[in-house]
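Each position in the sequence shown, counted from 1, maps to that position plus 57 in my numbering. Here a beta-carbon is modelled for each residue, glycine too, at the ideal position from N, C-alpha and C. One structure is given below, encoded as structure tokens.
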Amino acid sequence: MKILLIEDDRFFQKFYSRKLAEQNIETAIASDGEEGLLKMRQFMPNLVLLDLIMPKVDGFAVLKARLEDPNLIKIPVIVFSTLGQEQDIENAKKLGATDYVNKSFFEFSSMMEKINNIMKTH
58 MKILLIEDDR FFQKFYSRKL AEQNIETAIA SDGEEGLLKM RQFMPNLVLL
108 DLIMPKVDGF AVLKARLEDP NLIKIPVIVF STLGQEQDIE NAKKLGATDY
158 VNKSFFEFSS MMEKINNIMK TH
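Put into structure tokens, the structure is as follows:
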């Protein structure tokens with residue numbers, strides 16, 4: 058399995074890429090939405106973990122661009138953000154996000170469960 062982590066925070070980049078590697082998941086990292094869209098096209102991950110608040114291109118713009126690309130629209134996206142307001146979650150899901158995880162208040166095992174459930178259906 059290949060996962061692309063689009064996240065600008067270095068702590069989260071290191072922590073989650075290490076935790077995913079421990080699960081034998083090949084992981085690529087992008088530090089902003091612009092780089093994330095490029096890597097989505099090059100790396101063709103099975104799933105994307107997407108932060109919403111990032112420099113250059115934010116997560117909402119990445120979701121919009123994904124909707125317009127027939128190759129990218131097939132890739133499931135879990136929004137991975139500290140934004141926990143209903144409106145943000147609703148907007149992300151309207152733009153095609155498969156699921157949402159608040160990266161500040163959860164356990165890694167919960168994320169792996171969501172990833173595995175999504176992968177079973179894709």
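Spatial neighbours of residue i within its chain, please: CB distance less than 8 Å, with the 5 preceding and 5 following residues excluded, ordered by chain position.
i: isoleucine 135; result: Leu104, Val105, Leu106, Leu107, Ala154, Thr155, Asp156, Tyr157, Val158, Met168, Lys171, Ile172, Ile175
i: asparagine 128; result: Arg98, Met101
i: phenylalanine 117; result: Leu109, Asn148, Ala149, Leu152
Leaving out five residues on either side along the sequence, give the residues of the same chain with a beta carbon under 6 Å from the beta carbon of residue i.
i: phenylalanine 165; result: Lys76
Report yes if the CB atom of residue i is closer than 7 Å to the CB atom of residue j, and no otherwise.
i: leucine 152; j: lysine 121; result: yes
i: aspartate 115; j: serine 88; result: no
i: leucine 124; j: isoleucine 132; result: no
i: lysine 96; j: alanine 85; result: yes
i: phenylalanine 73; j: leucine 62; result: Inspection of the sequence shows that residue 73 is occupied by tyrosine rather than by phenylalanine. It is a contact, given that the beta carbons lie within the stated cut-off.
i: glutamate 83; j: lysine 59; result: yes
Whole angstroms are fine: how far does the CA of residue j sit from the CA of residue i?
i: proline 102; j: aspartate 126; result: 14 Å
i: phenylalanine 137; j: valine 119; result: 13 Å
i: alanine 78; j: isoleucine 110; result: 24 Å
i: alanine 149; j: glutamate 143; result: 10 Å
i: asparagine 81; j: glycine 90; result: 25 Å
i: alanine 112; j: aspartate 145; result: With the sequence shown as reference, residue 112 is identified as proline, and alanine is not the correct amino acid for it. Looking at the two C-alpha atoms, the distance is approximately 17 Å.
Suppose the cutoff is 7 Å on Cβ atoms and the five residues either side in sequence are ignored; what does the same chain contact list for residue i look like?
i: phenylalanine 69; result: Lys160
i: threonine 139; result: Asn159, Lys160, Ser161
Checklist line | 3-residue-minimum beta strand (DSSP E) runs that sit fully inside the segment 87-174, ordered along the chain | finding: 104-107, 134-138, 156-159
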